[in-house]
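S.K.: Respectively, the protein sequence lines represent chains A and B. The first sequence runs 28 to 140 under my numbering. The second sequence runs 2 to 116 under my numbering. We put the CB at the ideal spot given by N, CA and C, even for glycine.
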Amino acid sequence: GDSVTQMEGPVTLSEEAFLTINCTYTATGYPSLFWYVQYPGEGLQLLLKATKADDKGSNKGFEATYRKETTSFHLEKGSVQVSDSAVYFCALSEGGGADGLTFGKGTHLIIQP
Amino acid sequence: ETGVTQTPRHLVMGMTNKKSLKCEQHLGHNAMYWYKQSAKKPLELMFVYSLEERVENNSVPSRFSPECPNSSHLFLHLHTLQPEDSALYLCASSQFISGSLNEQFFGPGTRLTVL
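Right, here's the structure in full:
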């Protein structure tokens, strides 16, 4: 079956540091890929997405590129802020139906001033 | 109200109680989902409803019973739960169009504690 593997945290960085959160996946077909973010006490919010190989999703300074050859979708940001502290989830969806998403376990990111 | 709302936000119940979680989406979507979020585990898909019909049930115990009376509302009825059912229960919705991207929008969740 489908699965998503991402680095587990917590990941602790200083403000303005460069961020990478690794995500790799296994899927039988050609999935769509997502990064969701969950702030304390809240539900998940879609951060960015990509639907096909070499697509780059971007939002709020975050970027991720769909790499089919390495089955990866790593999340990056050039300069993190304290407000980026949250849990980040990588996810995939096969097909275009009303399918549930397959999530990774989440990476807790802590940014220190 | 906008987006996806869930009530109650917090619920404490005993193992013999019966309670219900409610989800409402204000996005005009036609598919709704229940997920369970437990500590140290990936989000687990529990139920999917598309066009008000259940299309997926990921082997969830019968003590969880979903209900989707219309495209905007989704319930999760709970009875005789176990302490290990304590978790954050998330509702999501999406617009199902064949062949399109399945982008899901999540509610804030209900934090359930079973004593």
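Does the separation of the CB atoms of A/T92 and A/K104 fall below 8 Å?
M.R.: Cβ atoms of A/T92 and A/K104: not closer than 8 Å.
S.K.: In the stretch 38 to 65 of chain A, which residues sit with their C-beta less than 9 Å from some C-beta in chain B, listed in chain order?
M.R.: Against chain B - using a Cβ distance shorter than 9 Å - the residues of the stretch 38 to 65 of chain A are S59, F61, Y63, Q65.
S.K.: So which of B/A88, B/Q7, B/P84 has the shortest CA-CA distance to B/A40?
M.R.: With distances taken between Cα atoms, B/A40 lies closest to B/A88.
S.K.: Since B/E144 is in the beta strand (DSSP E), which residue starts that stretch and which ends it?
M.R.: Past the boundaries of the shown model lies residue 144 of chain B; chain B is included only from 2 to 116, so the question cannot be answered.
S.K.: In whole angstroms, what is the alpha-carbon distance linking B/H80 and A/A44?
M.R.: Roughly 48 Å between the two C-alpha positions.
S.K.: Say whether chain B places a C-beta atom closer than 8 Å to the C-beta of A/L71.
M.R.: Closer than 8 Å to some Cβ of chain B, the Cβ of A/L71 qualifies, so yes.
S.K.: Classify A/S81: buried if its beta carbon has 16 or more other beta carbons within 10 angstroms, exposed otherwise.
M.R.: Checking the sequence, you will find Asp at residue 81 of chain A rather than Ser. Looking at its Cβ environment, which holds fewer than 16 other Cβ atoms inside 10 Å, A/D81 is exposed.
S.K.: Nearest to B/I98 by CA position, among B/T111, B/H30, B/K42, is which residue?
M.R.: B/I98 has its Cα closest to that of B/H30, out of B/T111, B/H30, B/K42.
S.K.: If we ignore side chains and look at the alpha-carbon of each, how far apart do B/V115 and B/G15 end up?
M.R.: Between B/V115 and B/G15, the C-alpha separation is close to 6 Å.
S.K.: Using alpha carbons as the reference points, say which of A/K132, A/A113, A/K87 lies closest to A/C50.
M.R.: For the residues A/K132, A/A113, A/K87, the minimum Cα distance to A/C50 belongs to A/K132.
S.K.: Going by CA-CA distance only, name the one from B/S66, B/K37, B/V49 that's closest to B/K19.
M.R.: Cα-wise, what sits closest to B/K19 is B/S66.
S.K.: Using a cut-off of 9 Å between C-beta atoms, extract the partners of B/L46 located in chain A.
M.R.: Those are D126, G127, L128, T129, F130, listed as they occur along chain A.
S.K.: Have a look at B/G110, B/W35, B/P43, B/T8 and flag the residue whose alpha-carbon is nearest the alpha-carbon of B/E118.
M.R.: There is simply no residue 118 of chain B to check, as chain B begins at 2 and stops at 116 in what is shown.
S.K.: Please tell me whether A/S112 has its Cβ less than 8 Å away from any Cβ of chain B.
M.R.: By this cut-off, A/S112 is not an interface position.
S.K.: Would you kindly report the start and end of the unbroken beta strand (DSSP E) that includes A/Q160?
M.R.: Look at the range of chain A in this structure, 28 to 140, and you will see that residue 160 of chain A is not part of it.
S.K.: Restricting to runs no shorter than 3 residues, where is the beta strand (DSSP E) found entirely within the stretch 61 to 103 of chain B?
M.R.: You should have 65 to 71, 74 to 80, 88 to 95.
S.K.: Using a beta-carbon distance below 8 Å, is B/K128 in contact with chain A?
M.R.: Because chain B here runs from 2 to 116, residue 128 of chain B falls outside it and cannot be looked at.
S.K.: I believe B/Y90 touches B/L113 by the beta-carbon criterion, under 8 Å. Please report the beta-carbon distance rounded to the nearest angstrom.
M.R.: Going by Cβ atoms, the distance from B/Y90 to B/L113 rounds to 6 Å, so yes, they are a contact pair.
S.K.: Give me the chain B residues within the contact set of A/S120, using Cβ-Cβ distance strictly less than 7 Å, ordered along the chain.
M.R.: Within 7 Å Cβ-Cβ: N103.
S.K.: What first and last residue would you give for the beta strand (DSSP E) that runs through B/Q26?
M.R.: Note, B/Q26: beta strand (DSSP E), 19 to 26.
S.K.: B/F76 touches chain A at which residues, Cβ-Cβ below 9 Å?
M.R.: Those within 9 Å of B/F76 in chain A number zero; the least Cβ separation is about 17 Å.
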